[in-house]
Amino acid sequence: MIQLDEQLFLWLNNLGSANWDWLWLFMTNKFNMIPLYIVLLIVSFRHLGWQKGFLFLVAIALLITGTDQVTNLFKDGFERLRPCHNEDIAPLMRLVKKSCGGAYGFFSGHASNSFALATFFTVFFRKQFPAMKWLFFWAAVVAYSRVYVGVHFPLDIFCGAVYGIMIGWIIARMSFRVLEP
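Residue numbering for the sequence shown follows numbering that gives the first Met the number 0, starting at 0 and increasing by one per position.
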């Protein structure tokens, strides 16, 4: 399975082109997503009001903190090198980012966080804002960007997405019971 993951990574990563690197570097930079996060918070506060909106914000903070911490536990526990740190893979790939990041990449924090947020907002506001499901497209683009720039294997992305969806669903259901929009 690892060998297949490495081959898939090399194929996907080498599909890239210098003409498109700017787009994927933009998508992989978490700070470039701040406008999206602000819009989501404005929509949430307008719909929930200040008191419930604040509790909603606390739920999001718990979601992201929990996702990040579990991701770090997995990275330190599995110690799977990122492609750009793997001596067998690094010479064959395109590293689009200036830096590779930490040594370990299983599983992707970008994938788990973006899919957790997409799931959380989609489940919580499923009746009020059905268009929230488009956040899954955004999450998939962010997740793929990590393969494109050369810092994660596809399996890192897949497992991060699965974990993000699970934790996003759990926190959304718990929050819904308390806040019912």
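Just so it is clear, CB atoms sit at the ideal spot from N, CA and C, and this is done for glycine as well.
Since the model is a prediction, treat every value here as computed from it, not as a measurement.
Here DSSP, grouped into helix, strand and coil, assigns LEU80 to strand. Contact check for GLY163 and SER113: beta-carbon distance about 7 Å, within the 8 Å limit, so the pair qualifies.
Where VAL95 is concerned, there is no enclosing alpha helix (DSSP H), because DSSP gives it neither an H nor an E. Closest by C-alpha distance to VAL140, out of ASN13, SER16, THR27, is THR27. The shortest CA-to-CA distance from ASN13 to any of VAL146, GLY159, LEU54 is the one to VAL146. For the 8 Å CB-CB criterion, LEU80 and ALA102 form a contact. Counting along the chain, ARG176 sits inside the alpha helix (DSSP H) bounded by residues 153-178.
For ILE156, the number of other beta carbons within 10 angstroms of its own is at least 16, and it is reported as buried.
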